[in-house]
Amino acid sequence: MATDVQVLQRPTLSEGITAFFRSPRAVPYLLLMPAMIVILAVVLVPLLVSFWTSFTSYNLTRPDTLYNFVGLRNYQRLLGNDEFWWAFGRTFLFVTITLNVEMMLGLGLALLVNKITYGQRALRTIMMFPMMFSPILVGFQFKYIFNDSIGLVNNALFDLGLITQPIPWLVDGTLANFSIMFAEVWMSTSIFAILLLAGLMALPKEPIEAAKVDGCNPWQVFRHITLPFLMPFVYIAMTIRSLDVARAYDMIRIMTNGGPAGRTELIWTLMTRTGYQNSQMGAANAMGYVSIILSIVFTFYFYRKLTAARTFMGGAQ
Amino acid sequence: MATKYLARALLASCALTALVGSVAAQEFDYGSFPGYTLQVKLIGGTQYEKLYTRIPEWEALTGAKVEIVSSKNHFDLDREIKQDIATGQITWCLGSNHTSFAPQYGDLYIDLTSMIPGEELAKYVPGTLASAMVDGRLVQLPRVTDVSNLYYRKDLYEDPAKMEAYKAEFGTDLAPPKTFDELKQQIIFFADPPNLYGTAFAGKDEGMSGRFMEILRANGGDLFDENWNPIFNSPEGVAALQWFKDIYDAGAVPAGTVNYTWDDIGQAMAAGQLAVDLDWPGFAGFYSDPAASKISDVLGFAVSPVGSAGVRGGWSGSHSFSVTEACDNKEAAVSLAVFLTNDESAMMEAQAGNLPTRSATFGEVVQYFNENGKTALAEMFPIWEASLADARTPPLIPQWIEVSNVLWPQLQAAIVGEKTPQEALDQAADDARVILEDAGIL
Chain A
133 MATDVQVLQR PTLSEGITAF FRSPRAVPYL LLMPAMIVIL AVVLVPLLVS
183 FWTSFTSYNL TRPDTLYNFV GLRNYQRLLG NDEFWWAFGR TFLFVTITLN
233 VEMMLGLGLA LLVNKITYGQ RALRTIMMFP MMFSPILVGF QFKYIFNDSI
283 GLVNNALFDL GLITQPIPWL VDGTLANFSI MFAEVWMSTS IFAILLLAGL
333 MALPKEPIEA AKVDGCNPWQ VFRHITLPFL MPFVYIAMTI RSLDVARAYD
383 MIRIMTNGGP AGRTELIWTL MTRTGYQNSQ MGAANAMGYV SIILSIVFTF
433 YFYRKLTAAR TFMGGAQ
Chain B
-1 MATKYLARAL LASCALTALV GSVAAQEFDY GSFPGYTLQV KLIGGTQYEK
49 LYTRIPEWEA LTGAKVEIVS SKNHFDLDRE IKQDIATGQI TWCLGSNHTS
99 FAPQYGDLYI DLTSMIPGEE LAKYVPGTLA SAMVDGRLVQ LPRVTDVSNL
149 YYRKDLYEDP AKMEAYKAEF GTDLAPPKTF DELKQQIIFF ADPPNLYGTA
199 FAGKDEGMSG RFMEILRANG GDLFDENWNP IFNSPEGVAA LQWFKDIYDA
249 GAVPAGTVNY TWDDIGQAMA AGQLAVDLDW PGFAGFYSDP AASKISDVLG
299 FAVSPVGSAG VRGGWSGSHS FSVTEACDNK EAAVSLAVFL TNDESAMMEA
349 QAGNLPTRSA TFGEVVQYFN ENGKTALAEM FPIWEASLAD ARTPPLIPQW
399 IEVSNVLWPQ LQAAIVGEKT PQEALDQAAD DARVILEDAG IL
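Line by line, the protein sequences give chains A and B. Read left to right, the first sequence gives residues 133 to 449 (this note's numbering). Read left to right, the second sequence gives residues -1 to 440 (this note's numbering).
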């Protein structure tokens, strides 16, 4: 009887862990462990460290300030910082406008290229050229194109007799924002075009042929067959691009560096100046965590739309 | 504040002079380091890299090898060095530095006075060496100096029609300006956009802050008082900012100048689009090169104008080399730093039009220019050398770049008309105060 009691005794924690890892139930976890360790090391740890620094006065050139806890001071300062909130709003506008313009143009390009029967591969390759340029090069290129005194645009307008005084493309608030959006759209529209073209190429022919047999005109086919089928691709592209528009930092750094007078300041130019030039990494990380709201909003919105689009597709099929 | 800086510079110069005693023409011992590999981080770019062709000579002399672990423009290099400090990864020995950046790096670099004999230090221009010191420590060995003076197009100043029109309008002869008011007057007078602008200025980053500081000091003002209170929102500061605003509002500068940096200005001047250019000595070689510049045969030089206080702002700084405290062979690193700034190296840099940091090189390079038909550069060097007497660096505090970063966007805001100069400077002064309070300086 006494022996039976000993057998029923609960194993210790270490014995439990050992038993678990020796059991077949541990296999999935063991297989996933290398990936989990890598993710912890390269994502979670830096994330936690940067989150901690946003509550400190961490200065890059004075590593000891990493432990100088200042509570919510960085966040409080941000709340009252007009410059930051203007940059925040401008970034929201920048992402919204460029994403929509890129999507519309990308869709148009994809539809056109999809119609081509000869030389489509060559065109697809040419279409990808802007993506191959470094954003810094694109920045220099458009800084030159929009330069008010020696730029291509103004020179062309002068030669055509359309202007008598140079247009300050990179100075005027509206024009400067237009110019950097133009550069961003030029560089990234092809990403949308390629992704949507992939969607078009995967489009089943039967529903389209059936619709044509039923007497639908091309617009009706596009509106009720092609577009609903493409929408998941559109939202996936939008989600990826909304997170990726941050690449525009290099380009804007070269074209205007957020100026003049903060007219083209986006969160990324402001954060980089604060973190790297001013060495105030604590304050810059606080900006980063507030600006994550923006990414979450865009990602949440596009995922909801994506789910809805897939549900619709399921219903349509 | 001006007196304070002057006094500091003089004290530092005197200290160095006392340290070195009499100047002796003794050769520096570059040492022997066979088998040792020296890791260095150097500023990249065409104008800086020619000097590095001398590195194999040093390798042959000492038996050591040099491994360039990073070569970037100075802003990227600055960012990388800060990351190294943050991560504690100071695995390299010698790095490019600049007088504007040096105060930020704390105790990253050694005091070179303990490693370089006084007689060797005596060969450097005393004022330049003094401005290379941070908190009384010589943390960098200067390789070239920058001080800005005027480049102008002689053909415009000697054009009879323009001379007559100028005389009729202002009652004085058309000649290179002696004051900033006169410079403004001439900038507006010459402007004939879009083909010709009076000038262009660096309108962002430290270029904007520095040029403002220069005119502010020339007007008798300064950035900070003796207790580091920001005082650039003074009447002298407002007048300095108004100077930029006036030429901008008159359309005498390209509207895009608020986004320009040095290269943009250099290109515009070389293309013959600017009448005058207040700029660094490094551009002289470019402007006087017929293959690259349209103004090579009409290039004139004049010393920088004075402000309303009758003095020059003399914004100055030096590119330099520093040796890290963490270096495992400081002797080798110091040896290379001295080698890359010695008389031969200084001559190589000066021949490209840069202002050298060794006293002996000034005379030698002018002789070289005269003998090689480079008369424009021979004419330019004495003017730039003379202006070194008024040269002053930005405040040598770690927070200078940070203060500059709150200053230039406000200067831009006033120039493009979003704020009045007083409003813009008041805002910048408030922001600068917060920075200095946070740093414990105020």
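Even glycine gets a Cβ: it sits at the ideal position worked out from N, Cα and C. Note that this is a predicted model, so its numbers are computed, not measured.
- In this structure, the beta-carbon distance from Val364 of chain B to Pro354 of chain B does not fall below 8 Å.
- For Phe265 of chain A, same chain residues with a beta-carbon under 8 Å away, outside a window of 5 residues either side, are Gln273 and Met319 in chain order.
- The region 55 to 70 of chain B makes contact with the region 24 to 37 of chain B, as at least three CB pairs between them are under 8 Å.
- For the pair of segments examined, the region 291 to 310 of chain B was found to touch the region 169 to 179 of chain B: the number of CB pairs separated by less than 8 Å reaches three.
- Leaving aside the five residues that flank Asp82 of chain B on each side, the residues in its chain whose CB is nearer than 6 Å to its CB run, in chain order, Ile88.
- Interface annotation, Arg405 of chain A: in contact with chain B, CB-CB separation under 8 Å.
- Between Gly196 of chain B and Ala250 of chain B, the C-beta spacing is below 8 Å.
- Leu284 of chain A counts as exposed, since fewer than 16 other C-beta atoms from the protein chains shown sit within 10 angstroms of its C-beta.
- Following the DSSP letters along the chain, one finds Lys275 of chain A inside the alpha helix (DSSP H) bounded by residues Pro267 to Ile277.
- Look at Asn200 of chain A here: in three-state DSSP terms it is coil, with no helix or strand label.
- With contacts defined by Cβ atoms closer than 8 Å, Pro279 of chain B and Gly208 of chain B do not form a contacting pair.
- Note that the region 411 to 422 of chain A touches the region 181 to 189 of chain A; at least 3 beta-carbon pairs, one per stretch, sit closer than 8 Å.
- The criterion of a C-beta distance shorter than 8 Å is satisfied by Thr97 of chain B and Ala130 of chain B.
- In the DSSP annotation of this structure, Tyr149 of chain B is not part of any alpha helix (DSSP H); the continuous beta strand (DSSP E) holding it starts and ends at Asn147 to Arg151.
- Distances from the alpha-carbon of Asp109 of chain B to those of B:Gly311, B:Leu375 and B:Ala324 put B:Ala324 closest.
- Below the 7 Å Cβ cutoff, chain A contributes Leu192, Thr193 and Pro195 as neighbours of Ile83 of chain B, in chain order.
- If you look at Phe230 of chain B, you'll find it isn't in any beta strand (DSSP E); DSSP assigns it neither H nor E.
- The C-beta of Gly293 of chain A comes no closer than 8 Å to any C-beta of chain B.
- When the Cα atoms are used, Leu276 of chain B and Phe226 of chain A turn out to be separated by approximately 37 Å.
- DSSP places Gln412 of chain A in the strand class (E or B) of the three-state scheme.
- In the three-state DSSP reduction, Pro354 of chain B falls in the strand class (E or B).
- Ser318 of chain B is bridged by DSSP to B:Asn95 and B:Pro140.
- DSSP places Thr404 of chain A in the uninterrupted alpha helix (DSSP H) bounded by Ile399 to Thr404.
- Around the beta-carbon of Val270 of chain A, 16 or more other beta-carbon atoms lie within 10 Å, marking it buried.
- Pro267 of chain A is classed as buried because its beta carbon has at least 16 other beta carbons within 10 Å across all chains shown.
- Boundaries of the beta strand (DSSP E) harbouring Lys63 of chain B: Lys63 to Lys70, taken from the DSSP string.
- Between Gly283 of chain B and the set B:Ala376, B:Ile399, B:Val336 and B:Glu400, the nearest pair of CA atoms involves B:Ala376.
- Taking a C-beta distance under 8 Å as the contact criterion, Thr339 of chain B and Arg135 of chain B do not qualify as a contact pair.
- Across the set B:Ala273, B:Glu118 and B:Ala120, the C-alpha of B:Ala273 shows the shortest separation from the C-alpha of Tyr149 of chain B.
- A distance below 6 Å between beta-carbons, with the five flanking residues on each side excluded, links Leu237 of chain A to the following residues of its chain, in chain order: Thr321.
- Taking a beta-carbon distance threshold of 8 Å, Ser281 of chain A counts as an interface residue toward chain B.
- Judged by beta-carbon spacing, Ala248 of chain B lies beyond the 8 Å limit of Ile293 of chain B, meaning their Cβ atoms are not closer than that value.
- Straight through space, the alpha carbons of Asn389 of chain A and Met403 of chain A are spaced by roughly 12 Å.
- Here Arg222 of chain A has Asn309, Thr396, Glu397 and Leu398 as same chain residues with Cβ atoms under 8 Å from its own Cβ, once five neighbours each way along the sequence are excluded.
- Listed by position along chain B, the residues whose Cβ is nearer than 7 Å to that of Ala393 of chain A are Pro407, Gln410, Ala411, Val414 and Glu416.
- With fewer than 16 other beta carbons inside 10 angstroms of its own, Ala289 of chain B counts as exposed.
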